[in-house]
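Protein chains: 2
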Amino acid sequence: MAATALFGPVVEDLGQVEEVIAETARVDYPVLAALLGHILQTRGKRLRPALVLLAAGFYDYRLERLKRLAAAIELLHTATLIHDDLVDDAATRRGLPTLHSLVDGRSTILVGDYLFARAAALCSQTESVRVMAVFGDTLMAICDGELRQMFGASNWRQSREDYYRRITSKTASLFRTATETGAILGGAPEPAIAALREYGLSLGMAFQIVDDVLDLVGDERKMGKPVGGDLRQRVITLPTLWLLENRPEDRTIRDIFEADGDAEEAVRQAVETIVASPAIDYSVGVARSFCQRAKEAIRGLPDVPHRRTLLDLADYVIDRSS
Amino acid sequence: MAATALFGPVVEDLGQVEEVIAETARVDYPVLAALLGHILQTRGKRLRPALVLLAAGFYDYRLERLKRLAAAIELLHTATLIHDDLVDDAATRRGLPTLHSLVDGRSTILVGDYLFARAAALCSQTESVRVMAVFGDTLMAICDGELRQMFGASNWRQSREDYYRRITSKTASLFRTATETGAILGGAPEPAIAALREYGLSLGMAFQIVDDVLDLVGDERKMGKPVGGDLRQRVITLPTLWLLENRPEDRTIRDIFEADGDAEEAVRQAVETIVASPAIDYSVGVARSFCQRAKEAIRGLPDVPHRRTLLDLADYVIDRSS
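If you read the protein sequences in the order shown, they are chains R and B. For the first sequence, this note's numbering gives the first residue as 5, with consecutive numbering after it. For the second sequence, this note's numbering gives the first residue as 5, with consecutive numbering after it.
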């Protein structure tokens, strides 16, 4: 789907956000500049910056401050991806080699830290104490989520509550922050801030559940990574939870967690079992209900084009294939 | 030297800062809590938080906000040390094992990120936009410095300007931030903020130069690490610069940089040569003049006990042996 169709009224302004993001790579050192260039070139959908601008479009839209906030949110996201890929030892991201597969782990850590720093500096340029407080808390929530995932990863006995908590801090917290801080800078009254915050949170939950589904049924070429990645890393997601809860006699998941070394055959079998079961449909259904909740949250907001785009985005999150 | 003698009027308040720091380790996950506990137990001198409180003591001293800022500065410092030790592959810090020598690199990255996040969150609790802007910029300066050090480390042809720029971002920028933000929260008028900022910057320069000298002549037991660490990591410091500038015919430094593998013998010889030369006295002299500049900067400030303590701290930085 083209960006224009997806992001409607903020497409042009996203170009200015892009410029702020690109400035990040303008540093003295050629090697660092090249690394930053590579990272920032590996462009995602820019969904999070778009959410910032869209959430700010209801009352008092001022691009100068907003573009810094939107860039800060995207750079924070990028920084967490870089450290995540290093932590997970992932070889590719969006079909391109990850940073640490190109350079050493040391540079990767520092480049990630640099992006954290640049994100914090850009965020402080919004001059909103409230925005910065939300930003700081979000950063903690994300790290907390990563650490939970790491320390919880070797156990297959996880509750649905664990899963929701994990994807909240891993993904939904930043979506929530994008819409909440966008609304704050956009001069929204408290009930509208709460509504947009709820929208972002629910959209983020749906987004991550769809991601977890695509990890099992996605097109490997479009995704730029092989299926079953979560199981290979012993990460329990919603479709797997369905299997564990509804087919307690099935041992494939346990086999993965109890495998001494290579669990590749067990992973292949687990993917097959899950895909053949109702787990996928069930999970998409849960994602759909989160999207429904996101839409409900903003029903009462002023009828500006931004609202229409946010409603459409909720449908896109469910229908996307990569 | 005992903390009471060093930190005078803020010793008791530093106890409250300690509590804020300790709260950082109160997290749900036992493994994470243990790691954080280990890190925060490896207590340094708490020089940076003391500088925050001391710089805030001239006009309007309010501990509630200040203790969060002081803890944020110390946690930022701790986070950079953790990532640094991982990047440098250091085995010990202050005589205790470094985090990544106890657990894997993945946990180390995430624990460092978590501390960055907690520092940013605490900083945002000061509710001062200006303090947060300074904080964000400092974080960038520190990362920039680390990256410079890394990408510049394989070259022995470095200028004095390179060195000063490096130690500014590596060390002096955080000292400067401690006194500047302390002064801002302490309600100091602009000239006093500038004076305390200058004090912190100069003190930080002196501190790092003394550190670089101690790396060559320090007591290994007190320092908790072997001498010559900088040379071993091919980092050029002021005493080494003296040798390169004044004994251009001496090849020991070049030998270290041009060694294929283990340069241990060359390092040993270089340490011996530098220690026997006037390089050490010269470097201590430069540090002393930075301390002089620090003292000059705050001469005109109100004559409160905090000023006396800051003046004494400048002497301590030169006379310390670890």
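C-beta: ideal position from N, C-alpha, C; glycine also. Keep in mind the model is a prediction, meaning the values are calculated, not measured.
Across the structure, Q45/B and P13/B are spaced so that their CA atoms are roughly 24 Å apart. Taken through DSSP and simplified to helix, strand or coil, P101/R comes out as strand.
For Y320/R, the enclosing alpha helix (DSSP H) stretches over residues P309 to D323.
For V290/B, same chain residues with a beta-carbon under 7 Å away, outside a window of 5 residues either side, are I213 and L242 in chain order. Using a CB distance cut-off of 8 Å, G140/B counts as an interface residue toward chain R. DSSP places Q129/R in the coil class of the three-state scheme, outside both helix and strand. Taking a C-beta distance under 8 Å as the contact criterion, G191/R and S173/R do not qualify as a contact pair. For the C-beta of Q129/B, the chain R residues within less than 9 Å are, from N- to C-terminus, A137 and G140.
Taking 4 residues as the shortest admissible run, the region 139-174 of chain B contains the following complete alpha helix (DSSP H) segments, listed from N- to C-terminal end: 164-171. When 9 Å is used as the limit between beta carbons, E165/R is near no residue of chain B, the shortest such separation being about 13 Å.
For I43/B, the closest C-alpha among the options I197/B, A26/B, Y168/B and E253/B is that of A26/B. Shown here, K229/B sits in coil according to DSSP, grouped into three states, outside any helix or strand. Distances from the CA of N250/B to each of G265/B, V275/B, A267/B and Y286/B were compared; the closest alpha carbon is that of Y286/B. Within the same chain, L220, V231, G232 and L235 come within 8 Å of V275/R by CB-CB distance, once the 5 residues on both sides are set aside. Between the region 79-96 of chain R and the region 118-126 of chain R, the count of C-beta pairs closer than 8 Å reaches three or more; the two stretches touch.
Looking only at R180/R, N159/R and R152/R, the smallest Cα-Cα distance to D141/R is reached by R180/R. Ranked by Cα distance from L207/B, the first of L178/B, I146/B, L85/B and R238/B is L178/B. The three-state secondary structure of R66/B, taken from DSSP, is coil. Distances from the alpha-carbon of D17/R to those of A38/R, G41/R and L67/R put L67/R closest. Taking a cut-off of 8 Å for Cβ pairs, the region 255-266 of chain R and the region 196-204 of chain R do not touch, as fewer than three such pairs fall below it. In this structure, the alpha-carbon of L218/R lies about 40 Å from that of A137/B.
Annotation: the continuous alpha helix (DSSP H) that includes A210/B extends over E194 to V221.
In chain order, R69, R72, L73 and L189 place their CB closer than 7 Å to the CB of T130/R, counting only its own chain and leaving out the 5 sequence neighbours on each side. For chain R, the residues of the region 74-94 of chain B that bring a beta carbon within less than 7 Å of one of its beta carbons are H87, L90 and V91, in chain order.
Per DSSP, Y33/B lies in no alpha helix (DSSP H) and is assigned neither H nor E.
With fewer than 16 other beta carbons inside 10 angstroms of its own, D307/B counts as exposed. With a threshold of 8 Å between beta carbons, F155/R makes contact with chain B. In this chain, the alpha helix (DSSP H) harbouring K299/B covers A283 to A301. With its beta carbon at least 8 Å from every one in chain B, Y168/R lies outside the interface. A check of alpha carbon separations from R225/B across A54/B, Y33/B, S325/B and Y63/B identifies S325/B as the nearest.
Counting along the chain, A270/B sits inside the alpha helix (DSSP H) bounded by residues E268 to A280. A distance of 8 Å or more separates the beta carbons of V115/B and L58/B.
Among the residues of chain R, those whose CB is under 7 Å from the CB of I113/B are H87, L90, V91 and I113, following chain order. F139/R is positioned such that its CB atom lies closer than 8 Å to that of C127/R. Counting the other CB atoms within 10 Å of its CB gives R30/B a total below 16, which places it among the exposed residues.
DSSP places V239/R in no alpha helix (DSSP H); its state is neither H nor E.
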